Amino acid sequence: MSATATAAAGAKRSAPRPVEELDSVTIRFVGDSGDGMQLTGNEFSKAIAKAGHDFATHPDYPSEIRAPTGTLFGVSGYQIQFASRAVFTSGDAPDVLVAMNPAALKTNLSDVKHGGTIIANSGAFTDANLAKAGYKANPLDDGSLGDYRLYRIDISELTAHALKESGLSKKEIGRCKNYYALGLMLSLYSRPLEKEEEDIRKKFAKKPGIAEANVLALRAGYAYADATEMFITSYKVRTADIAPGTYRSLTGNHAAALGFVAASELANVPLFLGSYPITPATDILHELSALKHYNVTTFQAEDEIAGICSAIGAAYGGVLGMTTTSGPGMALKTEALGLAVMLEIPLVIVNVQRGGPSTGLPTKIEQSDLLQAVYGRNGECPIPVIAAHSPADCFDCAIEAFRLAVKYMTPVIFLSDGGIGNAAEPWRIPDPASLPRLEVKFRTEAEGFQAYARDANLARAWVRPGTPGMEHRVGGLEKDFLTGNISHDPVNHQRMVEVRAAKVEGIAKDIPPLTVEGPPKGDLLIVGWGSTYGSIVQAREQAAAQGLSVAHAHLRHLNPLPPDLGDILRRYKRVLVPEMNLGQLSRLLRERFLIEVEQLNKVQGKPFKVSEIHERIVELSKKGAK
Amino acid sequence: MNDMATLTKKDFESNQDVRWCPGCGDYAVLAQIQKLMPQLGIPRENFAFISGIGCSSRFPYYMETYGMHSIHGRAPAIASGLKLARPELSVWVVTGDGDALAIGGNHFIHAMRRNIDLKIILLNNRIYGLTKGQYSPTSEMGKKTKTTPLGNIDRPFSPVAVALGAGATFVARTVDADQAHMAQVLKRAAEHKGTAFVEIFQNCIVFNDGAYEAITDKSVRDDTRLLLEHGKPLLFGKNRDKGIRLRGLEPEVVTLGENGVGEADLVTHDEAAEHSGLAFFLSQFDAPKFPVPLGVFRAVRQPSYEEMNEQLHADARARKGRGDLAALFNSGDTWTIA
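Protein sequences appear in the order of chains A and B. Residues in the first sequence are numbered consecutively from 1, following this note's numbering. Residues in the second sequence are numbered consecutively from 1, following this note's numbering.
Next comes the structure, spelled out in structure tokens:
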């Protein structure tokens with residue numbers, strides 16, 4: 001990246017800047033939803049990953065695809081935290097905010113760390129944009145940002161200047177400014193350019209003109225940061241102490257897709273996904289749709305109901321049937337879930353949760369579908385529920401969901417959420433040979449066959465249509481305990497209701513012992529589930545470092561609950577349950593174990609900050625024993 | 001059991017007691033389908049019958065094949081998943097006017113739009129039987145039912161027209177009272193590759209008895225129904241002297257020999273026409289202005305969804321090779337920490 005590569009106005013070569021070493025950095029890129037902030041954030045995180053850092057990201061975007069430019073509601077953001085140690089969250093407060101316009105600054109400023117850095121695209125702070133964001137005066141000039149390290153960089157103009165000979169239209173040039181911003185940040189954080197240039201050329205292979213323009217913009221941004229004396233220091237984050245292995249960056253939805261393909265290969269049974277597009281779950285459908293050279297069939301159904309029903313049909317046919325959705329779609333699938341319970345066939349239902357109720361907050365994070373997953377059906381209708389705690393964990397949960405589904409012949413609900421689904425983190429690539437086989441048996445012996453006879457796990461046999469001599473009928477009407485024929489017999493019904501419940505309860509014996517971080521007994525136990533994991537881990541570590549007695553258990557299995565959970569809960573004076581709902585796991589724990597729990601609830605469409613949990617830990621510690 | 005040559009109707013009768021009302025039209029349909037099965041050269045274990053909810057949806061319980069009595073309206077979606085997962089199976093959907101056209105309308109039209117190889121048999125009795133007598137999407141205007149005590153104002157539609165509108169490649173209609181005709185139409189449907197839709201006029205002896213009397217009563221039916229025959233003029237009547245002529249886009253009933261009308265003036269039925277216009281005209285025919293058409297409205301061969309799906313998979317494998325997990329895991333940008 002020689003200085004000649006840039007056409008940045010006013011850039012001049014300067015002596016190397018001092019490099020400041022940091023433990024961790026949180027950066028948030030914000031701009032219009034059409035500004036390419038998700039791309040910039042993604043690319044930056046890839047560069048960071050390759051440098052050997054651990055990282056976690058949080059994309060935060062509006063539900064409008066491209067809201068009117070410059071508006072407050074059209075702001076799209078991408079946050080990344082990377083560090084020299086293990087990273088569990090995308091960071092509480094950004095150290096650095098890259099704001100592409102006034103609306104982005106306005107909506108994000110309050111989150112930025114006091115004294116943090118703001119890099120503002122000054123060219124976008126026009127009167128019109130300032131008015132749209134509700135600024136009476138330009139905050140870049142009126143001294144209101146005096147507490148921050150403010151860098152005004154006219155990214156719009158500098159990009160235009162760099163590309164003035166590119167032959168691109170003004171509009172096309174405007175679209176390159178995210179790469180200029182990326183170049184700036186790569187320079188500031190001492191990351192090389194070459195790999196990114198390669199990636200750009202690959203990504204825009206079909207539009208070489210655009211590819212070269214983006215490369216130029218990237219280099220211009222890089223050279224600008226490199227050459228100007230604007231930035232006094234560069235930053236280098238020491239590399240994290242990460243386990244040896246080959247890694248890649250994966251979002252939760254992508255990891256889930258890989259996990260489902262793995263389940264299919266490990267079971268040697270084809271995979272069938274019936275699904276209807278819905279935010280934020282659709283990426284699983286996208287990923288699997290591109291894998292037709294594996295044993296994978298995807299079916300974009302006419303609606304959510306057909307999504308699950310086609311999966312039920314496929315599962316009845318003897319393949320690994322699954323459906324993916326989010327809250328509102330889950331509501332539509334409810335009746336079919338009941339059918340799957342009655343049919344006792346394996347099925348996996350993924351709910352990538354979002355803010356509810358109704359359409360709610362489609363692109364925001366919430367964990368408010370737990371009780372729906374556990375209870376939300378007509379009749380006594382038990383379904384096992386598991387939840388992933390991080391993007392990479394979605395891979396393991398996908399396999400676990402099918403392991404339970406085929407072993408117990410039951411639908412299994414797999415809860416993820418928009419935070420996990422869209423956020424990325426490094427995934428250590430496993431050796432496929434190290435993954436456990438999934439044992440699937442199809443019954444073929446007609447002799448003595450009874451459709452609802454059960455094995456030791458109370459699971460009935462899986463019979464593929466096409467198997468001679470075992471023709472039989474199944475359905476949603478109550479079945480005879482043995483033959484599966486329709487039965488309205490009162491005693492038989494009670495027996496069936498109880499055996500279906502016992503089968504799901506019996507899964508408890510199949511749940512490994514809970515891992516508890518921190519003291520095995522003491523003042524406080526934090527119990528979490530799902531994507532609150534990272535914030536809880538860091539908050540607990542901070543509190544422990546202060547000498548507080550606090551432990552953490554994170555639940556993957558939510559129905560049934562782990563068999564050792566009751567004992568663990570009783571070893572602590574208090575139990576704290578942070579959740580992004582109004583206390584759904586808290587209710588389950590109270591109901592199941594008759595204990596009191598402290599709730600910490602946040603339903604703002606945003607993940608917990610570490611500090612929010614930490615503060616509660618400290619507060620509870622001050623209260624002392626009950 | 002697997003010897004197809006020796007399969008008989010009896011082999012397709014399950015041991016379950018049939019629980020339809022005595023005299024229900026469903027019995028005739030069941031008998032015809034059980035009779036048809038052994039003629040198709042398909043092993044018994046390769047049949048699957050999927051149904052939703054309603055009187056007709058009890059059907060799978062009475063068939064000694066694989067089967068599922070599922071939830072209201074969803075049978076086409078379940079059957080689609082089954083057919084995609086197991087293309088070698090012969091998958092049948094048995095449904096009713098409420099199941100297919102009211103609660104399940106969406107799945108019904110989309111199955112036909114995709115041309116997935118399902119046989120969809122709709123038993124249309126123009127009433128809700130299982131819930132004891134409410135009007136259905138095919139009940140005629142003015143009809144008094146428990147939910148329309150002052151007469152029905154909910155306009156009915158023709159299942160055949162809906163099927164044609166959805167792009168179905170095989171569309172036919174028959175009636176429970178004419179066993180020979182039903183046998184013939186069901187056989188054609190079974191042999192069709194792609195979605196085959198058959199509407200069967202079916203008498204509900206309890207809640208809508210006599211709904212189809214005008215076209216089933218032997219004394220009048222020749223004048224009230226139009227038997228469709230491919231390549232033949234649209235001719236009907238006791239004396240075979242009435243026919244259908246098109247004046248521009250308006251069909252009309254004409255009498256042969258009157259005003260110089262001859263057979264050459266009549267529309268010739270063409271079930272294989274690429275354009276479904278003629279079939280759609282016919283789907284609108286209703287008494288008393290027109291005779292009610294029975295038979296095959298449309299039968300065209302187009303690639304079926306599961307055939308194309310299999311092709312996509314074969315092509316992807318030919319291009320990329322059979323995927324293996326290590327390659328999948330390691331695709332994209334990776335980095336190694338030593």
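All residues carry an ideal CB built from backbone N, CA and C; glycine is no exception. Fair warning: this is a prediction, and the values are worked out from it, not measured in the lab.
Mind checking who residue i pairs with in its DSSP beta bridge?
i: Ser76/A; result: Gly31/A
i: Met68/B; result: Val474/A, Ile50/B
i: Ile386/A; result: Phe414/A, His557/A
i: Gln599/A; result: Val577/A
i: Gln81/A; result: Thr26/A, Ala56/A
i: Val491/A; result: Its beta-bridge partners do not exist; DSSP assigns none.
i: Gly245/A; result: Ile337/B
i: Ala172/B; result: Val198/B, Val296/B
i: Val91/B; result: Ala48/B, Leu118/B
i: Met182/B; result: Paired residue(s): none; Met182/B is not in a bridge.
i: Ala160/A; result: DSSP, once it has assigned bridges, lists no residue as partnering Ala160/A.
i: Pro233/B; result: Thr268/B
i: Met322/A; result: Leu273/A, Val348/A
i: Arg637/A; result: Any question about residue 637/A goes unanswered here, given that chain A covers just 1 to 626.
With distances taken from CA atoms, which of the options is nearest residue i?
i: Met496/A; options: Asp510/A, Gln38/A, Glu478/A; result: Glu478/A
i: Arg85/A; options: Pro432/A, Ser144/A, His488/A, Pro426/A; result: Pro426/A
i: Arg225/B; options: Lys238/B, Gly231/B, Pro233/B; result: Lys238/B
i: Asp455/A; options: Thr69/A, Arg443/A, Pro465/A; result: Arg443/A
i: Gly67/B; options: Gly54/B, Trp92/B, Leu101/B; result: Trp92/B
i: Leu343/A; options: Gly360/A, Tyr316/A, Thr325/A; result: Tyr316/A
i: Phe59/B; options: Ala85/B, Asn15/B, Leu325/B, Asn46/B; result: Asn15/B
i: Gly36/A; options: Glu20/A, Ser169/A, Gly174/A; result: Gly174/A
i: Leu188/A; options: Gly245/A, Leu258/A, Leu22/A; result: Leu22/A
i: Val215/A; options: Ala181/A, Ala240/A, Gly245/A, Val319/A; result: Ala181/A
i: Leu514/A; options: His554/A, Leu258/A, Gly360/A, Ser33/A; result: His554/A
i: Ser249/A; options: Leu158/A, Ile80/A, Lys292/A; result: Ile80/A
Let me know the secondary structure DSSP gives residue i once reduced to three states.
i: Lys242/B; result: strand
i: Met1/A; result: Because the pLDDT at Met1/A is just 28, under 50, the model does not fix this residue reliably, and the point stays unresolved.
i: Gly96/B; result: strand
i: Thr255/B; result: strand
i: Gln367/A; result: coil
i: Asn309/B; result: helix
i: Phe125/A; result: coil
i: Leu39/A; result: helix
i: Ala9/A; result: With a pLDDT of 36 at Ala9/A, under the threshold of 50, the predicted position of this residue should be treated as unreliable, though the coordinate-derived value follows. In this structure, Ala9/A counts as coil in the three-state DSSP scheme.
i: Ser14/A; result: Note that Ser14/A has pLDDT 46, beneath the 50 cutoff, so the model's placement of it is unreliable and no number is given.
i: Met1/B; result: Legend: pLDDT at Met1/B = 46, less than 50; position of this residue unreliable, value from coordinates given subsequently. Coil, per DSSP.
i: His192/B; result: coil
i: Arg19/B; result: coil
i: Tyr128/B; result: strand
Please work out which residues of its chain come closer than 6 Å, Cβ to Cβ, to residue i, disregarding the five sequence neighbours upstream and downstream, and give them in chain order.
i: Met470/A; result: Ala446, Phe449, Val463
i: His629/A; result: In this structure chain A extends from 1 to 626, so residue 629/A is not present and cannot be described.
i: Val350/A; result: Thr324, Phe414
i: Leu40/B; result: Ala190
i: Val87/A; result: Asp54, Phe55, Ala56, Gln81
Apart from the five residues on each side of it in sequence, which residues of its chain come closer than 8 Å, Cβ to Cβ, to residue i?
i: Gly10/A; result: Below a pLDDT of 50, predicted positions are generally treated as unreliable, and Gly10/A, at 37, falls in that range; no measurement from the model is reported.
i: Ala453/A; result: Arg460, Ala461, Leu482
i: Lys146/B; result: Lys132, Gly133, Gln134
i: Arg587/A; result: Leu371
In chain order, what residues of the same chain lie with their CB nearer than 7 Å to the CB of residue i, ignoring the 5 residues before and after it?
i: Val253/B; result: Lys242, Ile244, Phe290
i: Lys132/A; result: Gly70, Thr71, Ala103
* Select from the segment 236-260 of chain A all residues with a C-beta closer than 8 Å to any C-beta belonging to chain B, and list them in chain order. => Residues passing the 8 Å Cβ filter: Ile242, Ala243, Pro244, Gly245, Thr246, Tyr247, Arg248, Ser249, Leu258.
* Residues in the segment 53-85 of chain B having any Cβ partner in chain A nearer than 7 Å -> Listed in sequence order: Pro60, Tyr61, Glu64, Thr65, Tyr66, Gly67, Met68, His69, Ser70, Ile71, Arg74, Ala77, Ile78, Ala79, Ser80, Gly81, Leu82, Leu84, Ala85.
* Going along the segment 103-129 of chain B in order, which residues come within less than 7 Å of chain A, judged by CB to CB distance? -> Listed by position, the residues of the segment 103-129 of chain B near chain A (Cβ gap below 7 Å) are Asn106, His107, His110.
* **Against chain A: residues of the segment 14-44 of chain B by CB proximity under 8 Å** => The segment 14-44 of chain B vs chain A, Cβ under 8 Å: Ser14, Gln16, Pro43, Arg44.
* To do: Give, in chain order, every residue of the segment 457-472 of chain A whose Cβ lies closer than 8 Å to some Cβ of chain B.
  => Only those residues of the segment 457-472 of chain A whose C-beta falls short of 8 Å from the nearest C-beta of chain B are listed: Arg464, Pro465, Gly466, Thr467, Pro468, Gly469, Met470, Glu471, His472.
* Asked: What residues from the segment 304-322 of chain A come within 9 Å of chain B, judged by C-beta to C-beta, listed N to C?
  -> Under the 9 Å Cβ criterion, the segment 304-322 of chain A contributes Ile305, Ala306, Gly307, Ile308, Cys309, Ser310, Ala311, Ile312, Gly313, Ala314, Ala315, Tyr316, Gly317, Gly318, Val319, Gly321.
* Using a beta-carbon distance cut-off of less than 8 Å, what residues from the segment 291-312 of chain B approach chain A? -> Residues passing the 8 Å Cβ filter: Asn309, Leu312.
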